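In the numbering used here, the protein residues as written are 254 to 421.
Quick reminder that beta carbons are idealized off the backbone N, C-alpha and C, glycines included.
The structure presented is a predicted model; accordingly, all values stated were derived computationally and were not measured.
Below is one structure, written out as structure tokens; comments come after it.
Encoded structure:
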């Protein structure tokens, strides 16, 4: 069953109108394109609290997951906060940093993104699309939400996680 938040489109429309008056119609169109891309790329499916258990908290959309992914032999990774929060999200990342993460799988500090992040597929997007997605993420209202840190393969998990089990 797919849950749908009917208030979200109205909020996005209002947000776009406000932006159109302050940032210009071109910026508003770029942000709307980025919102569309984030939706069809299902960023919220991993990066929204509660989404992985079928109860997305749309008041904190894209603010990071409270459920991680275990990758055997590598550890457990929790999808991070993608909002513009300076302390817990992408607020300190430039648009170029976000595009590099999506295209090359590398954070501003040089670390590789978690293997569950499908950056290799997203890296095939056009420059315009990645720019629009980065513009949208930078325009998101900051939501303070610190997700659990990654857990090594021999460490004990501190929060719920999903796992991949290989047959054998």
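- Going by DSSP, residue 323 is part of the beta strand (DSSP E) stretching over 321-324.
- In this structure residue 330 is in contact with residue 369, their Cβ atoms being roughly 6 Å apart against a cut-off of 8 Å.
- In this structure, residue 395 keeps its C-beta atom at 8 Å or more from the C-beta atom of residue 321.
- Here the C-alpha atom of residue 335 lies approximately 14 Å from the C-alpha atom of residue 372.
- When rounded, the separation of the alpha-carbon atoms in residue 416 and residue 323 is 5 Å.
- Cβ-Cβ distances below 7 Å link residue 353 to 359 in the same chain, with the five nearest sequence neighbours on each side left out; the list follows chain order.
- Sequence-distant partners of residue 385 (beyond 5 residues in either direction) whose C-beta falls short of 7 Å from its own C-beta, in its chain, are 283, 286, 287, 290.
- Secondary-structure assignment with DSSP links residue 365 through a beta bridge to 359.
- One alpha carbon belongs to residue 350, the other to residue 308, and they sit about 30 Å apart.
- Counting only residues of its own chain and dropping the five nearest sequence neighbours on each side, residue 326 has a CB closer than 8 Å to the CB of 406.
- Shortest Cα-Cα distance from residue 392 to any of 332, 414, 345, 298 involves 345.
- For residue 375, the enclosing alpha helix (DSSP H) begins and ends at 372-375.
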